[in-house]
Amino acid sequence: MAEDQLRTDSGLNGCSRLRRLVTVEPIVFFYMFGVFLQYTAFLSLTYDKSCLMLYNATFCNAMENRSFQDEHQIEQDNIQAEASYWLIVTNVAMTVPAILSVFFFMGPWGDKIDRKLPLLFPCAGAFLYSISNVVNSHFLSWPIPILIPGLILNGLCGGYGTMLMASYSYATHISMENNRMVRVGIVGAMIYMAATISVFISGLLVQLIGHVNVFFIVSGCMGAGFMYGVFILPSVVPDGQEHKEDKSWCDIFVFSTARDTWAFISRPRAANQRLWLALEITILNIVHMCTTGEGDILFLYLKRSPRSFTRAQYGYFKGSENFTRSLALVTLLPLLKRKLGFRDSTIIIIGLIFKTGTLLTLGVAKSLVVVFLAAIPALLQGFPAAGLRSSMAGRVEVKEHGRLFAVVAATQSCVTLATTFIFNGWYPSTLAYFDGTLFMFAAGMCVIATAIAVFVHIHSRPLKSSTQSSTDETEANPEEASVVIFHHQDVKIKNSVYEISNQDQISLENTEKKGNIREHCLKENFVESSNTFVQKL
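Counting from 1, position 479 in the sequence shown corresponds to residue 478 in numbering that gives the first Met the number 0; the numbering is continuous, with no gaps.
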């Protein structure tokens, strides 16, 4: 199998091992670099077009001056309200088709055809979207509604949500249980690294070379990502999907997708796994709402007096924030996970606390210095998403990863849509009394997410007392239960204790009473892989 080949590095030379280790990361980097560069330039383009819809070009050019902004606060608020309205419209135009695309097509296609297939569509859609933006930037006086066809096309190809779903599905599919979170963290680091570089230079590029040339750069990134995916990225065909000649392509691509997705959602799972999965998806969506809401209003918020950020300063701040996130994901996360043995849920809680601190700092910031101080607690903002995706992947079978992340991406798209209405709709009304209100609201939502994460942390695996109780029962009645799973990586078979080689794994190669162990493990929701059972915690 392709994924088995990707998992085996022994006996390979340096170049071959590099190709085994580096898989989905380059296409993620190319796409995310282009997306974040395009997003910042699109915000700036929407702001400029909103101003031109209300005032003449001379007035709009003068609004770049800070003292002129202070003298025309009412006009500035009018422009911000207009831009906020059009951001709602453009987000809806892209998000609605993206929800349908990722939920009914992209996720199931990855599970049935090839894991890399859903990686290609977002690159193609974003390429066409960037060309649309090139044309609209050249004709700056064209009204904003002409932007909408490009947004719809990008959404139909899956967009940002599909790329997240597909990249995490690919990464978790080719990884083993003991390195899954690190691999997911590396993919997350690629996202933040791409965001760091592109956002850091985006504002400066817009000021120096203009919107048209920036969008041309974006189209080049998307083309490079697409070419890498087609010609270099290895195909990964899910187990049992190689021979489907008896089914029509119409059935594989369309009719069975809704049925399979519903079967995944409604499937009974042992040990309350469906409850923990639902709670983790809820936490991830709350985090996504806070992150998306922050991104929707941050450009307008920082551009408004008294902060009065230039486009370049906005890029420097977002670049610094993303740099600290990516640095923590590639350095601190592996240390906490591998060396200190932190649970996924512990890492999630730590990240949520730091994210709350970032939002509170931004909400009260009135100067450039205080805004940049928010990049310090932003250091661990990437932990919740990495921890949650790793934990969720461990609760389902490998063949279900595409559908899992498709459901996650679809719910996140719905949250994005709702967040657009909440944040962009509410933001103009906060300008009259406290423009940091929405950051405080987002911080409050993160507190709720933290409370849910603490609940999952406490209850999602057996406590010591219950485990000990099970041990006593087994020793008293050895015929009723021949195997007991302990909290501390042990398996007890009557009077013999066998050590587990990796966390939550039981090796069966040299173990007596193999049949009894297999029977118990299957009953207790273990999944067999070769001669190893991996527990779905």
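Ideal Cβ positions, reconstructed from N, Cα and C, are used throughout, including at glycine.
Option nearest residue i by Cα separation, candidates the options
i       : options                               : result
Leu-378 : Ala-327, Ala-409, Ser-131 and Phe-308 : Ala-327
Arg-394 : Leu-359, Gln-312, Thr-57 and Arg-273  : Arg-273
Lys-302 : Thr-161, Met-62, Gly-350 and Phe-215  : Met-62
Tyr-191 : Ala-384, Ser-43 and Gly-154           : Ala-384
Cys-289 : Pro-333, Gly-362, Ser-325 and Asp-343 : Gly-362
Val-95  : Ala-374, Lys-365 and Tyr-159          : Tyr-159
Gly-386 : Ala-442, Gln-312 and Val-286          : Val-286
Pro-25  : Met-444, Gly-222, Lys-398 and Gln-312 : Gly-222
Phe-215 : Ser-265, Val-134 and Phe-104          : Val-134
Cys-122 : Ser-49, Phe-29 and Ser-344            : Phe-29
Met-162 : Leu-118, His-172 and Val-183          : Leu-118
Ala-269 : Ser-49, Asp-343, Glu-396 and Leu-430  : Glu-396
Val-537 : Gly-292, Gly-184, Tyr-128 and Phe-433 : Outside the shown range of the chain (0 to 536) lies residue 537, about which nothing can therefore be said.
Arg-388 : Gly-224, Cys-59 and Gly-187           : Gly-187
Leu-359 : Pro-376, Lys-398, Asn-64 and Ile-143  : Pro-376
Gly-219 : Ile-130, Leu-44, Pro-233 and Val-27   : Ile-130
Ile-208 : Ala-311, Gly-292, Pro-144 and Phe-225 : Ala-311
Val-453 : Leu-86, Trp-275 and Ser-66            : Trp-275
Trp-99  : Leu-86, Cys-413, Pro-427 and Ser-390  : Looking at the sequence shown, residue 99 is not Trp but Leu. When only C-alpha atoms are compared, the closest one is Cys-413.
Pro-142 : Ser-49, Cys-59 and Ser-344            : Ser-49
CB of residue i within 9 Å of CB of residue j, strictly
i       : j       : result
Gly-124 : Tyr-300 : no
Phe-120 : Cys-156 : yes
Ser-140 : Leu-51  : yes
Ala-193 : Phe-32  : yes
Ser-304 : Asp-113 : no
Val-455 : Leu-278 : yes
Ala-170 : Thr-22  : yes
Ala-373 : Glu-320 : yes
Ile-347 : Ile-282 : yes
Gly-154 : Asn-132 : no
Phe-575 : Val-213 : What is shown of the chain runs 0 to 536, which leaves residue 575 out entirely.
Thr-355 : Val-446 : yes
Val-91  : Leu-416 : yes
Leu-351 : Ala-448 : yes
Gly-381 : Arg-306 : no
Val-198 : Leu-36  : yes
Gly-46  : Ile-78  : Per the sequence shown, residue 46 should be read as Tyr rather than Gly. Contact: yes.
Gly-318 : Ile-196 : yes
Phe-316 : Arg-402 : no
Asn-284 : Ser-459 : no
Leu-44  : His-210 : yes
Ser-174 : Phe-404 : no
Lys-111 : Pro-233 : no
Ser-390 : Ser-428 : no
Gly-314 : Leu-437 : no
Ala-392 : Val-183 : yes
Ile-540 : Met-93  : Outside the modelled stretch of the chain, which goes from 0 to 536, sits residue 540, for which no answer is possible.
Segment limits, alpha helix (DSSP H) that includes residue i
i       : result
Ala-562 : Residue 562 is absent from the model: the chain starts at 0 and stops at 536.
Asp-113 : Note, Asp-113: premise wrong, no alpha helix (DSSP H); not H, not E.
Leu-335 : Counting along the chain, Leu-335 falls outside any alpha helix (DSSP H), and DSSP gives it neither H nor E.
Arg-388 : 382 to 392
Arg-310 : 310 to 326
Leu-430 : That residue, Leu-430, is in no alpha helix (DSSP H); it is neither H nor E in DSSP.
Pro-25  : 24 to 53
Phe-422 : Phe-422 -> no alpha helix (DSSP H), and no H or E assigned at all.
Gly-443 : 436 to 458
Ile-73  : 72 to 100
Asn-153 : 147 to 155
Leu-291 : What sits at residue 291 in the sequence shown is Thr, not Leu. Per DSSP, Thr-291 belongs to the alpha helix (DSSP H) from 272 to 302.
Lys-354 : 343 to 363
Leu-232 : Looking at the DSSP string, Leu-232 is not in any alpha helix (DSSP H), and its letter there is neither H nor E.
Ile-173 : 158 to 173
Leu-367 : 367 to 372
(message) When you compare the stretch 219 to 229 with the stretch 330 to 344, are there three or more beta-carbon pairs, one atom per stretch, that lie closer than 8 Å?
(response) no
(request) Pair every Cβ in the stretch 178 to 187 with every Cβ in the stretch 414 to 421, then say whether three or more of these pairs are closer than 8 Å. (result) no
(message) Pairs of beta-carbons, one from the stretch 199 to 210 and one from the stretch 40 to 47, closer than 8 Å: are there three or more?
(response) yes
(request) Could you tell me whether the stretch 73 to 87 touches the stretch 291 to 299, where touching means 3 or more Cβ pairs closer than 8 Å? (result) yes
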